[in-house]
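First the structure, in the form of structure tokens, and then the observations on it.
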Amino acid sequence: MDGSSVSPLPCEAPLAMMESEKTPPRSPSQHDMPPPPDEKRYDNDDDHVWNCGAWFEYILVVVVSSILLIAASVLTIFWTIYYRKGFNMDDPKLQFNLHPVLMIGGYITLSGFSILLYRICRCCSHLIVKLCHTFFHACSIPCIVIGFMAVWDSHNQQQIPNFYSLHSWLGLITMGLFALQFVLGFFSFLILLCCENATYKFRSTMVPIHASFGVATFMLAVATAVTGLTQKAHFELGENYSQTIEEGIIMNSIGVILTGLGIIIPFAVRRSNSPANCKVYVTERI
Numbered sequence: 001m002d003g004s005s006v007s008p009l010p011c012e013a014p015l016a017m018m019e020s021e022k023t024p025p026r027s028p029s030q031h032d033m034p035p036p037p038d039e040k041r042y043d044n045d046d047d048h049v050w051n052c053g054a055w056f057e058y059i060l061v062v063v064v065s066s067i068l069l070i071a072a073s074v075l076t077i078f079w080t081i082y083y084r085k086g087f088n089m090d091d092p093k094l095q096f097n098l099h100p101v102l103m104i105g106g107y108i109t110l111s112g113f114s115i116l117l118y119r120i121c122r123c124c125s126h127l128i129v130k131l132c133h134t135f136f137h138a139c140s141i142p143c144i145v146i147g148f149m150a151v152w153d154s155h156n157q158q159q160i161p162n163f164y165s166l167h168s169w170l171g172l173i174t175m176g177l178f179a180l181q182f183v184l185g186f187f188s189f190l191i192l193l194c195c196e197n198a199t200y201k202f203r204s205t206m207v208p209i210h211a212s213f214g215v216a217t218f219m220l221a222v223a224t225a226v227t228g229l230t231q232k233a234h235f236e237l238g239e240n241y242s243q244t245i246e247e248g249i250i251m252n253s254i255g256v257i258l259t260g261l262g263i264i265i266p267f268a269v270r271r272s273n274s275p276a277n278c279k280v281y282v283t284e285r286i
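Per the UniProt record's numbering, residue 1 is the first one in the sequence shown, and the count goes up by one each step.
Written out as structure tokens, the structure is:
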């Protein structure tokens with residue numbers, strides 16, 4: 001055979017290639033699968049090692065927040081009973097006293113603890129924290145509804161106009177935002193868990209939005225309560241308010257407590273993760 005001639009290709013090679021193309025791919029074995037996400041512990045991470053100062057800050061924020069949340073409701077109850085003569089549904093003036101007690105109890109104390117749960121329960125199951133968060137907000141709903149109906153009925157019986165003041169306008173905005181937050185949060189983070197994998201991306205997108213508007217709603221509630229106290233002080237105390245009387249001091253103290261909560265609760269939520277000895281995974285569930 002001369003050098004210029006070309007030898008024909010063997011028939012076995014293309015047949016073997018065709019047979020290999022027809023063979024279905026085998027399922028990957030366990031050795032072919034990618035490794036699971038690395039387990040990360042805050043106590044083993046140099047970036048999350050907490051010194052004494054960090055622990056002190058964490059405990060201080062939690063304790064002070066809890067004390068202020070409870071003090072806001074306790075001092076409001078004391079004010080309405082001791083200085084405003086308590087509650088009576090048959091007397092429109094005494095019926096009004098339910099309004100500050102229930103609104104501060106629902107919007108501030110219960111909602112504040114609901115928000116604070118995400119700061120103090122980092123080691124608990126995320127689902128349990130969600131359920132507790134929802135429970136506290138759900139308990140605040142009847143407080144808000146009854147408090148609203150109390151002031152509405154009290155004003156109507158005394159022929160006082162409604163929804164004319166800055167306090168009432170802020171209250172309507174706060175109520176609307178709270179209702180929207182509760183409905184969207186309940187649907188997004190509890191109902192959609194029925195399709196957990198399919199809705200993961202949507203829920204992860206909703207987390208910062210829900211958290212930001214939750215803090216905004218709480219701060220709006222604080223502003224509404226402070227303007228309401230100021231309005232009540234001018235209406236009920238009149239010129240005596242400038243004389244630094246006892247009731248005026250109590251009302252101012254409630255306002256200072258609410259202002260402190262408006263500072264410390266957003267700080268507690270937006271601060272870095274708490275010192276937890278729990279396992280934090282890359283694929284953390286939302």
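The beta-carbon is built from N, C-alpha and C at its ideal position, and this holds for glycine as well.
Being a predicted model, the structure only gives us computed values, none of them experimental.
Given that a residue counts as buried once 16 or more other Cβ atoms are within 10 Å of its Cβ, and exposed if not, what is residue i?
i: residue 124; result: exposed
i: residue 270; result: exposed
i: residue 268; result: buried
i: residue 160; result: exposed
i: residue 107; result: buried
i: residue 208; result: exposed
i: residue 76; result: buried
i: residue 144; result: buried
i: residue 42; result: Only weak support is given to the placement of residue 42: the predicted model assigns it a pLDDT of 46, under 50, and the value that follows is read from those uncertain coordinates. Looking at its Cβ environment, which holds 16 or more other Cβ atoms inside 10 Å, residue 42 is buried.
i: residue 212; result: exposed
Of the choices the options, whose alpha-carbon is the least far from that of residue i?
i: residue 79; options: 149, 251, 52 and 257; result: 251
i: residue 136; options: 157, 148, 149 and 112; result: 112
i: residue 228; options: 148, 86 and 61; result: 148
i: residue 217; options: 163, 130, 244 and 266; result: 266
i: residue 232; options: 72, 61 and 167; result: 167
i: residue 146; options: 85, 100, 195 and 66; result: 100
i: residue 97; options: 261, 240, 255 and 236; result: 236
i: residue 210; options: 247, 118, 155 and 90; result: 118
i: residue 306; options: 114, 157, 87 and 89; result: Outside the displayed range of the chain (1 to 286) lies residue 306, so it cannot be described from this structure.
i: residue 177; options: 214, 206 and 196; result: 214
i: residue 246; options: 82, 56, 260 and 74; result: 82
i: residue 259; options: 55, 57 and 72; result: 72
i: residue 174; options: 222, 241, 52 and 53; result: 222
i: residue 262; options: 65, 162 and 131; result: 65
i: residue 132; options: 141, 142 and 121; result: 121
i: residue 150; options: 254, 234, 57 and 87; result: 87
Can you round the beta-carbon distance between residue i and residue j to whole angstroms, since I take them to be within the 8 Å contact cut?
i: residue 225; j: residue 103; result: 7 Å
i: residue 153; j: residue 243; result: Not a contact, Cβ separation roughly 32 Å.
i: residue 187; j: residue 134; result: Between residue 134 and residue 187 the Cβ distance is about 11 Å, and since that is not below 8 Å, they are no contact.
i: residue 220; j: residue 170; result: 6 Å
i: residue 199; j: residue 190; result: No, residue 199 and residue 190 are not in contact; Cβ-Cβ is about 11 Å, not under 8 Å.
i: residue 61; j: residue 264; result: 6 Å
i: residue 92; j: residue 157; result: 4 Å
Considering just the uninterrupted stretch of the alpha helix (DSSP H) at residue i, what are its terminal residues?
i: residue 84; result: Per DSSP, residue 84 belongs to no alpha helix (DSSP H) and is neither H nor E.
i: residue 154; result: 126–157
i: residue 253; result: 246–270
i: residue 120; result: 111–120
i: residue 95; result: 92–96
* **alpha helix (DSSP H) runs wholly inside the region 159–220, at least 4 long, in chain order** => Counting only runs of 4 or more, we get 166–189.
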